[in-house]
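Contents: one structure, followed by commentary.
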């Protein structure tokens, strides 16, 4: 596209298993298109096209399959007309948010505790499945991911509300409960929530929310307790080690902690707004994102213990006079990044950006190249190293061309104005 191409033609070659078949349409959760038309043609049409240039499709594929390089060639006197009509279907996701109000007169002046768990999963015929063949089109039940987290959320809500009703709990601050929609396609529900709260309370959708929420407790996949409960984001506040030890004493869970606060779950939507986070996770398993993630495989006694622990953490935070402090975690270079990118910037895309032209950012990791250059959450990247960026695909492509240590100019749209910054890409470890 950068060189002026109008489209791309895909063909399954003679040596491929899908002989003569069209290449299937696949998609991801991004609202952006690739910026160039693409079609698939049957093998016979592909063979005729290259034959007009005196080439043989089978020979071409054989050479390419060996990993050998070959020069491209022009197809003279060939004209093509195609109609590409892809309809982007939009749906409405609904997060469910409730509030347990404190009766303490000073509660309105204190930031609330917010607990969350994502209520969505892959369903059937959705993207993101790890299953292959026909299994990819079967119902993905999501018992662990994340019915377990939602069940825990409901139990904690019931426990705290009953404790307050019976007079056994005096809340110093409100407690908010949220079942997020759209987590599987990019933390859409929680991202939209923090934007709406920031806009309503501060008049700026990109504002920080540390004075609105004291902490975010998130539960994502807590139903397969085996060897230990993993608590993630512990580096986001200095109080977490003490709180974890204290609240786990009556529960007795084996616990592992991870300090990194940049997580692939809804807690990140809050951490990027300077809210301390703690995410509960019982670990990955082979059934993740497959139809095999079913209710019969849930460790129910283990889930009950995890829920009890998180309830005690929430109770303690909600009844404390002081809110947890916020710590900005430096992310190790290369952690959580695409394996094929030599250089990185440390930007965090906002996948809830909708129809925005460019790539909107949720923030920049502390100490990363983007952070050092002054890139901020809410910025929309529109140009990198002289190359126009219309969507996440353009952004990913241009990142692959960057070199470690060689500064590049990045232009962002910030509050209606274009700002150009010089960023020096870092290296992956």
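Numbering (our numbering), first residue to last: -5 to 423.
Note that CB positions come from ideal geometry on N, CA and C, so glycine has one too.
Item checked: Other residues of its chain near residue 365: CB distance less than 8 Å, five sequence neighbours each side excluded -> 340, 358, 359
Checklist line | Assigned secondary structure, residue 207 (DSSP; H/G/I helix, E/B strand, else coil) | finding: strand
Item checked: Counted within 10 angstroms of its Cβ, other Cβ atoms place residue 80 as buried (16 or more) or exposed -> exposed
Next item on the list: Determine, using beta carbons only, whether residue 320 and residue 351 come nearer to each other than 9 Å.
Entry: no
Next item on the list: Report yes if the CB atom of residue 293 is closer than 9 Å to the CB atom of residue 259, and no otherwise.
Entry: no
Margin query: Using only CA atoms, which one of 401, 345, 361 lies nearest to residue 387?
Written below: 345
Margin query: What does DSSP give as the partner residue(s) for residue 292 in the beta ladder?
Written below: None; residue 292 has no bridge partner.
Next item on the list: Tell me whether residue 10 sits in a helix, a strand or coil according to DSSP, three-state version.
Entry: coil
Margin query: Please state whether the Cβ-Cβ distance between residue 165 and residue 98 is less than 9 Å.
Written below: yes
Margin query: Between residue 417 and residue 343, how many whole angstroms is the CB-CB distance? I'm expecting something under 8 Å.
Written below: At roughly 15 Å, the Cβ-Cβ gap does not stay under 8 Å, so residue 417 and residue 343 are not in contact.
Note to self: Quick check on the DSSP output: what are the complete beta strand (DSSP E) runs of length 3 or more inside the segment 208 to 282, in order along the chain?
What the structure shows: 223 to 226, 249 to 252, 271 to 275
Notebook entry, point to check: What's the C-alpha gap between residue 206 and residue 66?
Noted result: 58 Å
Checklist line | Cβ neighbour criterion (16 or more within 10 Å) applied to residue 75 | finding: exposed
Next item on the list: Using the Cα positions of residue 64 and residue 47, report the straight-line distance between them to the nearest angstrom.
Entry: 15 Å
Notebook entry, point to check: If you check the beta carbons only, do residue 275 and residue 223 fall under 9 Å apart?
Noted result: yes
Notebook entry, point to check: Quick one: what does DSSP say residue 430 is sitting in, helix, strand or coil?
Noted result: This structure cannot settle anything about residue 430, because the visible part of the chain is limited to -5 through 423.
Check: Under 9 Å, do residue 283 and residue 125 count as touching if we go by C-beta distance?
Finding: yes
Notebook entry, point to check: Can you list the beta strand (DSSP E) stretches of 3 or more residues lying completely in the segment 335 to 374, in chain order?
Noted result: 341 to 343, 353 to 358
Note to self: Considering just the uninterrupted stretch of the beta strand (DSSP E) at residue 35, what are its terminal residues?
What the structure shows: 31 to 35
Check: Going by C-alpha distance, which of 184, 169, 301 is nearest residue 511?
Finding: Outside the shown range of the chain (-5 to 423) lies residue 511, about which nothing can therefore be said.
Check: What residue does the alpha helix (DSSP H) around residue 56 start on, and which one ends it?
Finding: 51 to 59
Next item on the list: Pull up the DSSP beta-bridge partners for residue 94, would you.
Entry: 169
Next item on the list: Please determine, among 167, 103, 41, the residue with the shortest C-alpha to C-alpha distance to residue 312.
Entry: 167
Check: Between residue 297 and chain D, is there a C-beta pair that is closer than 9 Å?
Finding: In the structure shown, chain D cannot be found, because there is only a single protein chain.
Checklist line | Cβ pair residue 369, residue 406 closer than 9 Å | finding: yes
Notebook entry, point to check: Among the residues of its own chain, which have a CB less than 8 Å from the CB of residue 200, if the five just before and after it don't count?
Noted result: 189, 192, 370, 371, 372
Next item on the list: Taking 9 Å as the cut-off, decide whether the C-beta atoms of residue 389 and residue 398 are in contact.
Entry: no
Note to self: Please classify residue 186 as buried or exposed, where buried requires at least 16 neighbouring CB atoms within 10 angstroms.
What the structure shows: buried
Check: In three-state DSSP terms, what is residue 69?
Finding: coil
Next item on the list: Evaluate the contact criterion for the segment 225 to 232 versus the segment 247 to 264: three or more CB pairs, one atom per stretch, below 8 Å.
Entry: yes
Next item on the list: Just tell me which of 115, 9, 240 has its CA closest to the CA of residue 60.
Entry: 9
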